[in-house]
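**Student:** Here it is: the structure, laid out below.
There are 2 protein chains.
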Amino acid sequence: MKNRIFPAVIGLGYVGLPIYLNLQKKINTVGFDIDKEKILNLKKKIDTNNQFKKTDFFQHKISNFSSNYSQLKKCNFFIITVPTPIFKNKKPDLGPLINATKIVGKIIKDEDIVVYESTVYPGVTNSICVPLIEKISKLKNKINFNVVYSPERINPGDRKHSINKITKVIALENSKIKRKVKFVYKHLTSKLFFTNNIEDTETSKVFENIQRDVNISLMNELYIICEKLNLNYENIIKIAKTKWNFLNFNPGLVGGHCLPVDPYYLSYVAKKNKINTKLIIAGRETNDSMKDILYKKITTYLKKNKINYHAKILICGLTYKPEVADLRNSLAYNIFIKIKKKFKYSTGFDPLIHNTQAKKKMILNKINNFKKYKAIIFITKHKILYKIYKKLIINKKNIIINCML
Amino acid sequence: MKNRIFPAVIGLGYVGLPIYLNLQKKINTVGFDIDKEKILNLKKKIDTNNQFKKTDFFQHKISNFSSNYSQLKKCNFFIITVPTPIFKNKKPDLGPLINATKIVGKIIKDEDIVVYESTVYPGVTNSICVPLIEKISKLKNKINFNVVYSPERINPGDRKHSINKITKVIALENSKIKRKVKFVYKHLTSKLFFTNNIEDTETSKVFENIQRDVNISLMNELYIICEKLNLNYENIIKIAKTKWNFLNFNPGLVGGHCLPVDPYYLSYVAKKNKINTKLIIAGRETNDSMKDILYKKITTYLKKNKINYHAKILICGLTYKPEVADLRNSLAYNIFIKIKKKFKYSTGFDPLIHNTQAKKKMILNKINNFKKYKAIIFITKHKILYKIYKKLIINKKNIIINCML
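In order, the protein sequences belong to chains G and A. My numbering applies: residue 25 is where the first sequence begins, and numbers increase by one. My numbering applies: residue 25 is where the second sequence begins, and numbers increase by one.
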């Protein structure tokens, strides 16, 4: 069997890249992405998200990166790890998922297996993806080919819960393919949890992220109350934590590709069925409003300190969360752009972002001299930035605004 | 010092009674309640809430229960453990707290200490209670007497987190009285956490309960979605729990004297300061709506099974949560009353409630023959009821509706 299974990972972002890098250590694997620039970088062992170092790019003899889909034709086990974002109107944008499905539909053969890892609302795999493959390929699910759903649980920036250490859920409706799927996925983690219901598994994944989003939103709501009532949020939480079951969540700017998106996926299908997801949406809106609250806090403070629009201002920490190098879907970056519109000589600074990203976005990733900035604002709490903050507040050479929640 | 401190516990409900019973084992204590019937029962070692057995009522030589406030005059350390409910319009009803404060105001002397344990919104102790004591007594806080805030963390029905095992927060603004307060409270638990800010501590307590209320409401919202979309809630949660940080909350009927109330306390003060507690209130409303959702589930099922309004129906489990004997603020009881209006021959049954309560409310607490009931509905999931449920579904003699979440 070992010789017969040839996997392809389709979509090489936060989810696909670690899967590819772990798989290709053990079995020949194709890493596919439609982004040609990304493929060029990966071939040079450069991960612009800074999650992987050059040494992580162990090269198996046949494994390779490609943006040419003819490379996928030799594969028989397709792992789809494309993003599932939302449109501006907050509705699910299944475009990347449908495009990846179409590619697979064109090349799928008898006995092939397709694994979806992307987060979706309940029903997408079986009612959208499967019929699309069947239509394009003229093959039948569960007869000619099989579809599996295995929700990704990648937490960018979290080394403690890397893919090898966590439990991976695998939903397959045809138990005959279990051995094949296990053969591939055991290379990722020894903790495999098999289940036979794809819809339940799709739902479990959105539930997980919604629970986190709602808990953070509660801390944001409580933080806002404390700020307005002049209560000491940090001391209050310190006291509350002495209770045996108080949960450790922090307020903050919720960005990225999961939490700000997944609640809308579930709400979309709920709304279609006339269910009002009042709490879930209230949480999402509270989290999203934090960018405006921090922006207002910053501008109020700048005004109070008579900083005019010609002053040099530095905004530090712009990625969507601490210890990641990604500016996409970042509320911190969003705040920076708004400040820049008001204060002409604002400069963005994030030591974690890659040189190519820094150049493209005209942001600094290195600074020697902080003195020239009248005001320095800290947003995303990278460890390295917190150290800089600690030094600068002692020096008292600049006006420092701490928005690191 | 031991001879000088003579505590009184004012309000002998879920909070006051365990404090009294623990204290009076070690030091002379007065147990005061305005409810004369309750005092008569307690003198006979009867706790109608069924939290304490007769053997728990160890009697110290001078300790005594009383509803006569002249008994408090000899005391110099007042622990106020009265309820803080809400009005029908959801606004805080500080009536019992103010009445208890007035009693203390009349008898307080130089060097006395007043400890508030009741849950309040931030500011109540210092801006309402203290001025009231000062006005009535003509004494000065921090000069003549001192006020302490120590939020209760009693979880009725939970023997694992009884008062002796948990951390007790004590907020005192005058460190000179710490020794006296410690002398009393060390008899309750060895884990005392001292802080000097009463407002922060008041806030921490409402935060704790709101976090729990919101998390349960999320599970309720997810449960409702599953019911309407025909998804298997239990299987979904089983899958989600394989993630390292998925939190173990269950959907359910949130009743009692804390969770359905405390969110409105914080929202009240927030609203007064023009802050919208959108998430907190959404959570509260979702939890409260569960009684209507379960009621509808029951009546739909009865209709489907052609149960007419003359049929004998038994509703089992009526207290506000499993393993407690209290019908007050119970959504299960609320559902029972609604069913009874529609189905004339409905009978309520809860094996945990006390005989006096059963008689008063015309509810059974013992049943020998289940056969005569056409339909049997289970709501509050007491362990003993779950056992009965298991037996009855095997027997198949009745129509069984399981609403035990």
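All residues carry an ideal CB built from backbone N, CA and C; glycine is no exception.
If distances are taken between C-alpha atoms only, which option among G:I377, G:L303, G:P42 and G:F81 comes closest to G:E245?
**Tutor:** For the purposes of this step, residue 245 of chain G is taken as residue 221 along the first sequence, with counting starting at 1. Residue G:L303 is the option with its Cα nearest to G:E245.
**Student:** In whole angstroms, give me the CA-to-CA distance for G:L45 and G:C282.
**Tutor:** In the first sequence, counting from the first residue as 1, residue 45 of chain G sits at position 21. In the first sequence, counting from the first residue as 1, residue 282 of chain G sits at position 258. Cα-Cα distance, rounded: 22 Å.
**Student:** Excluding sequence positions up to five away, which residues of its chain have a Cβ less than 8 Å from the Cβ of A:K411?
**Tutor:** Position 387 of the second sequence holds residue 411 of chain A. Around A:K411: no qualifying Cβ.
**Student:** At 8 Å on the CB atoms, spell out the chain A contacts of G:V193, in chain order.
**Tutor:** Translated into positions along the first sequence, residue 193 of chain G becomes position 169. Simply I263 and T266.
**Student:** Report the rounded CA-to-CA distance for G:I417 versus G:I424, giving the unit in angstroms.
**Tutor:** Walking along the first sequence from the start, residue 417 of chain G turns up at place 393. Walking along the first sequence from the start, residue 424 of chain G turns up at place 400. Spanning the two alpha carbons is a distance of roughly 7 Å.
**Student:** Under 7 Å, do A:N353 and A:Y344 count as touching if we go by C-beta distance?
**Tutor:** Here residue 353 of chain A refers to the residue found at position 329 when the second sequence is read from its first residue. Here residue 344 of chain A refers to the residue found at position 320 when the second sequence is read from its first residue. Result yes, Cβ atoms of A:N353 and A:Y344 sit closer than 7 Å.
**Student:** Less than 7 Å between C-beta atoms, sequence neighbours within five positions excluded: which residues of the same chain meet that for G:I63?
**Tutor:** Start at 1 with the first residue of the first sequence, and residue 63 of chain G comes out as number 39. Correct list, in chain order: D57, F89, S90 and S91.
**Student:** Determine the direct distance from the alpha carbon of A:K60 to that of A:K383, and round the result to whole angstroms.
**Tutor:** Counting from 1 along the second sequence, the entry for residue 383 of chain A is found at position 359. Counting from 1 along the second sequence, the entry for residue 60 of chain A is found at position 36. Rounded to whole angstroms, A:K383 to A:K60 spans 19 Å at the Cα level.
**Student:** Since G:G307 is in the alpha helix (DSSP H), which residue starts that stretch and which ends it?
**Tutor:** For the purposes of this step, residue 307 of chain G is taken as residue 283 along the first sequence, with counting starting at 1. K302 to K328 is the extent of the alpha helix (DSSP H) around G:G307.
**Student:** Between A:N198 and chain G, is the shortest Cβ-Cβ distance under 7 Å, so that the two count as touching?
**Tutor:** Mapped onto the second sequence, residue 198 of chain A falls at position 174. So no, A:N198 is outside the interface.
**Student:** Just to make sure I have the definition right: I need the residues of chain G whose C-beta is within less than 9 Å of the C-beta of A:N188. Which are they?
**Tutor:** On the second sequence, position 164 is the one that residue 188 of chain A refers to. Those do not exist, as A:N188 stays about 13 Å from chain G at its closest Cβ, beyond 9 Å.
**Student:** Considering only residues of the region 141-176 of chain A, which uninterrupted alpha helix (DSSP H) runs meet the minimum length of 4 residues and lie entirely inside it, listed in chain order?
**Tutor:** The qualifying runs are 154-161.
**Student:** Under a CB-based cut-off of 7 Å, is A:F217 close to chain G?
**Tutor:** The sequence position of residue 217 of chain A within the second sequence is 193, counting from 1. Yes - at least one Cβ of chain G is within 7 Å of the one on A:F217.
**Student:** So, A:P42 versus A:I187, is the Cβ gap smaller than 7 Å?
**Tutor:** Against the second sequence, residue 42 of chain A aligns to sequence position 18. Against the second sequence, residue 187 of chain A aligns to sequence position 163. In this structure, A:I187 lies closer than 7 Å to A:P42 by Cβ.
**Student:** Please decide whether A:E232 counts as near chain G, where near means a Cβ-Cβ distance under 7 Å.
**Tutor:** One-based indexing of the second sequence puts residue 232 of chain A at position 208. Closer than 7 Å: yes.
**Student:** Can you tell which of G:I152, G:I194, G:I132 and G:A306 has the C-alpha that lies nearest to the C-alpha of G:S161?
**Tutor:** Numbered from 1 along the first sequence, position 137 holds the residue referred to as residue 161 of chain G. Comparing Cα-Cα distances from G:S161 to each of G:I152, G:I194, G:I132 and G:A306, the minimum goes to G:I132.
**Student:** Could you work out which residues of chain G lie near A:K302, taking near to mean beta carbons separated by less than 8 Å?
**Tutor:** Residue 302 of chain A sits at position 278 when you count from the first residue of the second sequence. Per Cβ cutoff of 8 Å: E245, A306, E309 and T310.
**Student:** DSSP three-state call for G:F231: helix, strand or coil?
**Tutor:** One-based indexing of the first sequence puts residue 231 of chain G at position 207. Helix, per DSSP.
**Student:** Can you name the residues that DSSP bridges to G:P31?
**Tutor:** Against the first sequence, residue 31 of chain G aligns to sequence position 7. Bridge partners of G:P31: G:F101.
**Student:** Could you have a look at G:P116 and say whether DSSP puts it in helix, strand or coil?
**Tutor:** Reading the first sequence from its first residue, position 92 is the one you call residue 116 of chain G. DSSP places G:P116 in strand when its eight states are reduced to three.
**Student:** Kindly list, in the order they appear in chain G, the residues whose Cβ is closer than 8 Å to that of A:L271.
**Tutor:** For the purposes of this step, residue 271 of chain A is identified with residue 247 of the second sequence, where counting begins at 1. Residues of chain G passing the Cβ test: Q235, N239 and L271.
**Student:** Quick check: the Cα distance between G:T72 and G:S291, rounded to an integer number of angstroms?
**Tutor:** On the first sequence, position 48 is the one that residue 72 of chain G refers to. On the first sequence, position 267 is the one that residue 291 of chain G refers to. Straight-line Cα distance between these residues: approximately 33 Å.
**Student:** Please name the residue or residues paired with A:S241 in a DSSP beta bridge.
**Tutor:** Taking the first residue of the second sequence as position 1, residue 241 of chain A is located at position 217. Beta-bridge pairing links A:S241 to no other residue.
**Student:** In the DSSP assignment, find the unbroken beta strand (DSSP E) run with A:N358 in it and report its ends.
**Tutor:** Working through the second sequence from its first residue, we reach residue 358 of chain A at position 334. First-last for A:N358: L355 to K366, but that is the alpha helix (DSSP H), not the beta strand (DSSP E).
**Student:** Please list the partners that A:E440 has in chain G, where partner means a Cβ-to-Cβ separation under 8 Å.
**Tutor:** Beyond the ends of chain A as shown, which are 25 and 429, falls residue 440 of chain A; an answer cannot be given.
**Student:** So, under 8 Å CB-CB, G:I363 and G:I331 are touching, yes? Tell me the CB distance rounded to an integer number of Å.
**Tutor:** If you number the first sequence from 1, residue 363 of chain G lands on position 339. If you number the first sequence from 1, residue 331 of chain G lands on position 307. Actually they are not in contact, since the Cβ atoms of G:I363 and G:I331 sit about 11 Å apart, beyond 8 Å.
**Student:** Do the region 220-238 of chain A and the region 250-258 of chain A make contact, defined as three or more Cβ pairs closer than 8 Å?
**Tutor:** Not touching, per the Cβ criterion.
**Student:** Give a yes or no on whether the minimum CB-CB distance between G:L242 and chain A is below 7 Å.
**Tutor:** Numbered from 1 along the first sequence, position 218 holds the residue referred to as residue 242 of chain G. Yes - at least one Cβ of chain A is within 7 Å of the one on G:L242.
**Student:** Taking one C-beta from the region 284-298 of chain A and one from the region 104-117 of chain A each time, how about it: are there three or more such pairs within less than 8 Å?
**Tutor:** These segments touch.
**Student:** Between the region 97-105 of chain G and the region 260-275 of chain G, do three or more beta carbon pairs fall short of 8 Å?
**Tutor:** Contact between the region 97-105 of chain G and the region 260-275 of chain G is absent, because fewer than three Cβ pairs lie under 8 Å.
**Student:** Thinking just about the alpha-carbon of each residue, which of A:G341, A:I29 and A:F231 is nearest to the one in A:F373?
**Tutor:** Mapped onto the second sequence, residue 373 of chain A falls at position 349. Checked all of A:G341, A:I29 and A:F231; the closest Cα to A:F373 is A:G341.
**Student:** Just verifying my parser: in three-state terms, what is the DSSP assignment at G:F207?
**Tutor:** Counting from one through the first sequence, the residue named residue 207 of chain G turns up at place 183. Helix, per DSSP.
**Student:** Going straight from the alpha carbon of G:R28 to that of G:T143, what length do you get?
**Tutor:** Locating residue 28 of chain G in the first sequence gives position 4, where the first residue counts as 1. Locating residue 143 of chain G in the first sequence gives position 119, where the first residue counts as 1. Cα-Cα distance, rounded: 29 Å.
**Student:** Taking the alpha-carbon of A:K436 as reference, which of G:F218, G:A294, G:K202 and G:L242 has the nearest alpha-carbon?
**Tutor:** Absent from the structure is residue 436 of chain A, since the part of chain A shown begins at 25 and ends at 429.
**Student:** Taking only beta-carbon atoms, is A:T227 less than 7 Å away from chain G?
**Tutor:** Taking the first residue of the second sequence as 1, we reach residue 227 of chain A at position 203. So, interface residue.
**Student:** Quick one, which residues of the region 135-150 of chain A are near chain G if we go by CB-CB under 8 Å, in chain order?
**Tutor:** Correct list: P146.
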